[in-house]
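Have a look at the structure below, then the notes.
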Amino acid sequence: MKKRNYKLVFLPLFEKDLLEVVDYITVSLQNPQAALRLIDDIEAAILKRCESPLSFAPYQSSKKRELPYYRINVKNYCVFYVVIEDTMEVRRLIYSGRNIDKIL
């Protein structure tokens with residue numbers, strides 16, 4: 260079976276979420292090294308998942324959606340993405356302690 264190649268796209272909202280998290284860890288927690296490690300971990304997890312993004316169970320949301328969301332857990336954060344044809348579209352980065360259904 261031929262392996263399918265997926266394109267990777269990041270929505271501006273994901274980038275905004277990531278910048279807010281990095282800013283919080285760097286400035287408020289005064290731990291820039293932890294922020295850099297988190298960025299590396301998020302990037303690695305997304306790239307690994309991009310190899311087979313549909314091989315995982317969809318996120319069980321209380322909202323009806325046209326496209327199912329999928330979740331990647333990275334430390335205390337959740338990365339959410341959808342798959343549109345041959346594209347893995349990364350949409351959000353949310354702290355796992357928050358009310359995710361309300362935010363999504």
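Position 92, counted from 1, in the sequence shown is what my numbering calls 351; the numbers after and before it change by one each time, with no gaps.
Ideal Cβ placement from N, Cα and C applies to all residues, glycine included.
Computed from a predicted model, the values in this text were never measured in an experiment.
Between the CA atoms of residue j and residue i - distance to the nearest angstrom
i: Asn264; j: Glu310; result: 7 Å
i: Lys307; j: Met347; result: 12 Å
i: Val280; j: Arg357; result: 13 Å
i: Ala294; j: Ala304; result: 15 Å
i: Met260; j: Glu325; result: Model confidence at Met260 stands at a pLDDT of 41, short of 50, so the residue's coordinates are unreliable and nothing is read from them.
i: Glu344; j: Asp276; result: 25 Å
Expected contact under 8 Å - CB spacing of residue i and residue j to nearest Å
i: Val341; j: Arg350; result: 6 Å
i: Pro317; j: Tyr336; result: Between Tyr336 and Pro317 the Cβ distance is about 19 Å, and since that is not below 8 Å, they are no contact.
Span of the beta strand (DSSP E), counted from its first residue to its last, around residue i
i: Val349; result: Thr346 to Tyr354
i: Leu267; result: Lys266 to Phe269
Under 8 Å between C-beta atoms of residue i and residue j
i: Lys334; j: Asp300; result: yes
Identified DSSP bridge partners for residue i
i: Arg330; result: Phe339
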